[in-house]
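Numbering (the numbering used here), first residue to last: 10 to 215. A virtual CB, placed ideally from N, CA and C, is assigned to each residue, including glycine. Bear in mind that the values here come from a model prediction, so they are computed numbers and not experimental data. Here the structure comes first, spelled out in structure tokens, and everything after it is commentary.
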Ligand SMILES: [Zn+2]
Ligand SMILES: [Zn+2]
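What follows is the structure, given as structure tokens:
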């Protein structure tokens, strides 16, 4: 569109040579007096200042929380991390095996309320085979009845393992007597991977 009259650019109206800006606070047009001016005046300037202060405080708070979390995580010992890793791993196993049958007696496994309707049971117990506590071959959905202390006799467990894994894998599992000293970072890795896998399974079923 062509203007019928050109804009005046005279010494009498210096503002005609300055482009108007939009105020960062009130969104009104204004003519800046300085090249970097972002707001129309001191009132809007104060608003923006307060907003910046609040944002900086929020950022500092977030960073502090992050540092606190990191310090807490760094202070965790092997026993704590082992417990966290086991909880996460068992949760993953329960989600993996829900809908299947108990690997010992075959009763259908359903997720329940508090504590879950069934357990992540170990073929070789954690006390006897600490190095297999996070081994997927060794941990399976098991009803609470079969997982109660002393409820599943050793020969029944061996039969269940052979049925589930095949004789060869079951034999290898029972023959595996490595000694393993769990490291903290290794436990963190298992914990975090298990949580991610559990999340993924939940998402797939949602
Ligand atoms: Zn303004
Ligand atoms: Zn059972």
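For residue i, the first and last residue of its enclosing beta strand (DSSP E)
i, result
"residue 215", "Counting along the chain, residue 215 falls outside any beta strand (DSSP E), and DSSP gives it neither H nor E."
Sheet register partners of residue i (DSSP bridge)
i, result
"residue 129", "150"
"residue 110", "117"
"residue 47", "DSSP lists no partner for residue 47."
"residue 31", "38"
Distance, residue j Cα to residue i Cα
i, j, result
"residue 66", "residue 47", "22 Å"
"residue 34", "residue 53", "6 Å"
"residue 95", "residue 69", "34 Å"
"residue 162", "residue 133", "12 Å"
"residue 82", "residue 195", "14 Å"
"residue 208", "residue 199", "14 Å"
"residue 20", "residue 38", "For residue 20, the predicted model reports a pLDDT of 48, less than 50, meaning its position is unreliable; a value from the coordinates is still stated below. Taking the straight line from one Cα to the other gives about 22 Å."
"residue 76", "residue 84", "12 Å"
"residue 40", "residue 32", "9 Å"
"residue 213", "residue 185", "34 Å"
"residue 197", "residue 78", "14 Å"
"residue 181", "residue 72", "48 Å"
Span of the alpha helix (DSSP H) around residue i
i, result
"residue 140", "Taken as a continuous stretch (DSSP letters only), residue 140 belongs to no alpha helix (DSSP H), as it is neither H nor E."
"residue 185", "No alpha helix (DSSP H) holds residue 185; DSSP gives it neither H nor E."
"residue 167", "163 to 174"
Subject >> Chain-ordered list of residues that sit, by beta carbon, closer than 6 Å to a heavy atom of ligand 2 >> reply: 111, 113, 114, 116, 151, 152, 154, 155
Subject >> Within 6 Å of ligand 1: residues by beta-carbon to any heavy atom >> reply: 32, 34, 35, 37, 48, 49, 53
Original post:
Do the stretch 107 to 115 and the stretch 149 to 157 meet, that is, are 3 or more Cβ pairs less than 8 Å apart?
Top reply: yes
**OP:** Could you tell me whether the stretch 183 to 198 touches the stretch 130 to 145, using the rule of 3 or more Cβ pairs below 8 Å?
**Re:** yes
**OP:** Give a yes or no on contact between the stretch 79 to 99 and the stretch 199 to 207, applying the rule of three or more CB pairs nearer than 8 Å.
**Re:** yes
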